[in-house]
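**Q** Dropping the structure in here first, questions after.
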Amino acid sequence: MSSLRTLSTLLLLPLAGCLSMEEPTQSIRSGVFGQAPSGEDIHWYELRNSNGMIARVHNWGATLYELHIPSAGGRIADVVLGFDDMEGYLSGDNQYFGCTAGRYANRIANGRFSIGDNEYQLATNNDPNHLHGGARGLDKVIWSAASSGMDSVSFSYTSPDGDEGYPGEVSIVVSYTLTEADVLVIEYEAETTAPTHLNLTHHSYFNLSGAGSDTVLDHELQLFASRYTPTDDTLIPTGETGPISGTPLDFRTPTALRGGAEALASSAALGIDHNFLIEGAQGALRTAAYLHDPVSRRSMTVHTTEPGLQVYTGNFLFGQTGKGGKTYAHRSAVCLETQHYPDSPNHLGFPTTLLLPGETYTHHTEYRFAW
Ligand code: GAL
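Each residue of the sequence shown is one higher than the last, beginning at 516 in my numbering.
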């Protein structure tokens, strides 16, 4: 139980009292972002490195809401979708922008699973399925924030027993670290008081030309995967895995997103919205994906310890207004979500998402940038 408890202990330092506003390149800055529906203040925290990268996070949903990346031409762009205020985060325009998704990121068929003889019915917020933790998932709660050094902010949250139908009280810590090597590291730890299923992910929508740019269809994607989980019309896996070879999902070499997204436009997913089996051993940090924008020449590689990667080309974006009044058009961003396969609790052949008391869930993901 210990590592989570140790981490929590390290995190007791209240940020507000230890922050300096005077030395932005040397210390973590923070402030009030807005108010939660309860009236409680939501705080923002800023991470910077000396190469010009800036990441801003807030504790509503343990969310990354700005990520500024330089370019070879000297221009800095904010490459993630988000909102300037809480009104945006609380509105129907917010499609999990930059949040920590869970308890189970992605879908569980009909919101049902069994553990032993016990059957559980979760919230079904994506008819007929459960999506991203339910009607009030981890993206819609207030996390406690704390600093663990000058380059890292951690958020902790305890999800009560029965939350959205899930068994067990689950204690979660997610930390964001920005390194001098231009890497945004996201680490998760969790423990439970009763057997449960857990699958956490980070839900940023990326456009390497800058959030609000037209589409990501000319971004090139390379996946370190040769198989995926085919799904039914409600985006639930059939239970089989299939080769991507010969399908519009073949990204084994860097390939523009356009062909795949357009070939799948009339499918239930309206584009690419599929889970890929990352090659190599689960638990080892390995390369999952490479994303390159030929316009800005920024690139990002994704490394993870997770077995799967959901690639989602923003097919449900509908032109909502985001940061700085910019429009977030259909397919104007791509999510690269490191996670387990969808509906794993109902497929014995998939890597298990079962978490037992006494075990510690760990997940390490890195988004590495170059320009
Ligand atoms: C993604 C998921 C999509 C959609 C989106 C939120 O993670 O794969 O199907 O639900 O979240 O709008």
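All C-beta atoms in this analysis are idealised placements derived from N, C-alpha and C, irrespective of residue type, glycine included. On a predicted model such as this, the values are computed, not experimentally measured, just so you know.
If you run the structure through DSSP and keep just helix, strand and coil, what is SER665?
**A** Here residue 665 refers to the residue found at position 150 of the sequence shown. With the sequence shown as reference, residue 665 is identified as Met, and Ser is not the correct amino acid for it. The answer is coil: DSSP assigns MET665 none of H, G, I, E or B.
**Q** Using 8 Å as the threshold, is the segment 711-724 in touch with the segment 581-599, meaning 3 or more CB pairs across them?
**A** These segments touch.
**Q** Measuring straight from C-alpha to C-alpha, what distance separates ASP733 and SER565?
**A** Residue mapping note: residue 733 aligns to position 218 of the sequence shown, counting from 1. Residue mapping note: residue 565 aligns to position 50 of the sequence shown, counting from 1. Roughly 30 Å separates the two Cα atoms.
**Q** Pull up the distance between the alpha-carbon of HIS495 and that of ILE569, whole angstroms please.
**A** In the structure displayed, the chain extends from 516 to 886; residue 495 sits before or after that span and is not available.
**Q** Taking contact to mean at least 3 C-beta pairs separated by less than 8 Å, is the segment 677-687 in contact with the segment 852-860?
**A** With a cut-off of 8 Å, the segment 852-860 and the segment 677-687 do not count as touching, because too few Cβ pairs lie within range.
**Q** Using C-beta distances below 6 Å, list every residue in its chain close to TYR843, excluding the 5 sequence neighbours before and after it, in chain order.
**A** As a working note, residue 843 is residue 328 in the sequence shown. Counting only Cβ-Cβ distances below 6 Å, and skipping sequence neighbours, we find LEU596, LEU832, GLN835, GLY837.
**Q** Using CA atoms only, rank isn't needed, just tell me which of LEU800, ALA587, HIS558 is closest to LEU579.
**A** Position 64 of the sequence shown, counting from 1, holds the residue named residue 579. Nearest of LEU800, ALA587, HIS558 to LEU579, Cα basis: HIS558.
**Q** Within the present structure, is the beta-carbon of GLN835 separated from the nearest heavy atom of the ligand GAL by less than 7 Å?
**A** One-based indexing of the sequence shown puts residue 835 at position 320. GLN835: no, Cβ never under 7 Å from the ligand GAL.
**Q** Determine the direct distance from the alpha carbon of ASP600 to that of LEU800, and round the result to whole angstroms.
**A** Along the sequence shown, read from residue 1 onward, the residue named residue 800 stands at position 285. Along the sequence shown, read from residue 1 onward, the residue named residue 600 stands at position 85. Their backbone Cα atoms lie some 35 Å apart in a straight line.
**Q** Within 10 Å of its beta-carbon, does GLY839 have 16 or more other beta-carbons around it, so buried, or fewer, so exposed?
**A** On the sequence shown, residue 839 is found 324 positions in, with the first residue counted as 1. Flag for GLY839 reads exposed.
**Q** Bridge partners of GLY546, per DSSP?
**A** Taking the first residue of the sequence shown as position 1, residue 546 is located at position 31. Its beta-bridge partners are TRP559.
**Q** For THR711 and ASP678, I'd like the C-alpha separation in whole angstroms.
**A** Here residue 711 is taken as the residue at index 196 of the sequence shown, counted from 1. Here residue 678 is taken as the residue at index 163 of the sequence shown, counted from 1. Straight-line Cα distance between these residues: approximately 11 Å.
**Q** On the three-state DSSP scale, how would you describe PRO710?
**A** Stepping through the sequence shown from its first residue, residue 710 is reached at position 195. Coil at PRO710, not helix or strand.
**Q** Return the Cβ separation of THR877 and TYR703 in integer angstroms, given the expectation that the two are a contact with Cβ distance under 8 Å.
**A** Within the sequence shown, numbered from 1, the residue matching residue 877 stands at position 362. Within the sequence shown, numbered from 1, the residue matching residue 703 stands at position 188. Sure, about 7 Å apart at Cβ, within 8 Å.
**Q** Return helix, strand or coil for ALA570, following the three-state DSSP convention.
**A** Stepping through the sequence shown from its first residue, residue 570 is reached at position 55. Looking at ALA570 - three-state DSSP - the assignment turns out to be strand.
**Q** Put ALA752 into one of helix, strand or coil per three-state DSSP.
**A** As a first step, residue 752 is located in the sequence shown; it is residue number 237 there, counting from the start. Before going on, a small fix: residue 752 reads as Pro here, not Ala. In this structure, PRO752 counts as strand in the three-state DSSP scheme.
**Q** Mind checking whether the beta-carbon of HIS718 lies closer than 7 Å to any heavy atom of the ligand GAL?
**A** Locating residue 718 in the sequence shown gives position 203, where the first residue counts as 1. For the ligand GAL, at least one heavy atom lies less than 7 Å from the Cβ of HIS718.
**Q** Should LEU646 be listed as close to the ligand GAL, given that the test is whether its C-beta is under 7 Å from any heavy atom?
**A** For the purposes of this step, residue 646 is taken as the residue at position 131 of the sequence shown. Yes - the ligand GAL has a heavy atom lying nearer than 7 Å to the Cβ of LEU646.
**Q** Buried or exposed: THR867, going by 16 or more other Cβ atoms within 10 Å of its Cβ?
**A** Start at 1 with the first residue of the sequence shown, and residue 867 comes out as number 352. Classification for THR867: exposed.
**Q** Whose C-beta lies closer than 6 Å to the C-beta of VAL698 among residues of the same chain, with five residues either side of it excluded?
**A** Reading the sequence shown from its first residue, position 183 is the one you call residue 698. Result list for VAL698: GLU881, ARG883, in chain order.
**Q** In whole angstroms, what separates the C-alpha of GLU794 from that of LEU785?
**A** As a first step, residue 794 must be located in the sequence shown, where it is residue number 279. As a first step, residue 785 must be located in the sequence shown, where it is residue number 270. When rounded, the distance between both Cα atoms is 26 Å.
**Q** Determine the DSSP secondary structure at ARG773, reduced to helix, strand or coil.
**A** Numbered from 1 along the sequence shown, position 258 holds the residue referred to as residue 773. Reduced to three states, the DSSP call for ARG773 is helix.
**Q** Let me see if you follow: with CB-CB separation under 8 Å, is MET815 close to chain B or not?
**A** Absent here is chain B; the protein component of the structure consists of one chain.
**Q** Is CYS871 close to the ligand GAL? I mean its beta-carbon at under 7 Å from any heavy atom of the ligand.
**A** In the sequence shown, residue 871 corresponds to position 356, counting from 1. The displayed chain sequence assigns Leu, not Cys, to residue 871. No.
**Q** Please report the Cβ distance between ALA778 and PRO763, rounded to the nearest whole angstrom; I am assuming they are in contact, meaning their Cβ atoms lie under 8 Å.
**A** Residue numbering aside, residue 778 sits at position 263 when the sequence shown is read from its first letter. Residue numbering aside, residue 763 sits at position 248 when the sequence shown is read from its first letter. The pair is a contact, with the Cβ atoms about 4 Å apart (cut-off 8 Å).
**Q** Taking C-alpha atoms, which residue in ILE787, ALA740, PRO682, ILE657 lies nearest to TYR604?
**A** The residue given as residue 604 occupies position 89 in the sequence shown. Selected option, being the one with the closest Cα: ILE657.
**Q** How should PRO539 be labelled, buried or exposed, when 16 other C-beta atoms within 10 angstroms of its C-beta is the threshold for buried?
**A** The count along the sequence shown starts at 1 and reaches residue 539 at position 24. Confidence is the limiting factor: at PRO539 the pLDDT is only 41, short of 50, which leaves the residue's position unreliable, though a coordinate-based value still follows. Exposed, because fewer than 16 other Cβ atoms sit within 10 Å of the Cβ of PRO539.
**Q** Looking at the secondary structure, which residues open and close the alpha helix (DSSP H) in which GLU602 lies?
**A** Sequence index remark: in the sequence shown, residue 602 carries index 87 (1-based). Run containing GLU602: 601-605, per the alpha helix (DSSP H) assignment.
**Q** Exposed or buried, which one is PRO529 when buried takes at least 16 other CB atoms within 10 Å?
**A** Numbered from 1 along the sequence shown, position 14 holds the residue referred to as residue 529. Caution is warranted here: a pLDDT of 39 is assigned to PRO529, below 50, making its placement in the model unreliable, and no coordinate value can be reported.
**Q** Would you say GLN825 and ASN861 are within 8 Å of each other, going by their C-beta atoms?
**A** If you number the sequence shown from 1, residue 825 lands on position 310. If you number the sequence shown from 1, residue 861 lands on position 346. Not a contact, by the Cβ cut-off of 8 Å.
**Q** Work out the CA separation of TYR611 and ARG812 for me, nearest whole Å.
**A** Taking the sequence shown and counting its residues from 1, the one referred to as residue 812 is at position 297. Taking the sequence shown and counting its residues from 1, the one referred to as residue 611 is at position 96. C-alpha separation (whole angstroms): 27 Å.
**Q** Quick one: grab the DSSP three-state call for ASN625.
**A** For the purposes of this step, residue 625 is taken as the residue at position 110 of the sequence shown. DSSP places ASN625 in helix when its eight states are reduced to three.
**Q** Tell me whether CYS614 counts as near the ligand GAL, meaning its Cβ is closer than 7 Å to at least one heavy atom of that ligand.
**A** Numbered from its first residue, the sequence shown carries residue 614 at position 99. Flag unset: Cβ of CYS614 not near the ligand GAL.
**Q** Three-state secondary structure (DSSP) at THR744?
**A** Taking the first residue of the sequence shown as 1, we reach residue 744 at position 229. Three-state DSSP puts THR744 in coil, outside helix and strand.
**Q** For GLN797, collect the residues of the same chain with a Cβ closer than 8 Å to its Cβ; drop the 5 residues on either side in sequence, then sort them by chain order.
**A** Sequence index remark: in the sequence shown, residue 797 carries index 282 (1-based). Excluding residues within five positions, the ones whose Cβ falls inside 8 Å are THR820, GLU821, PRO822, PRO866.
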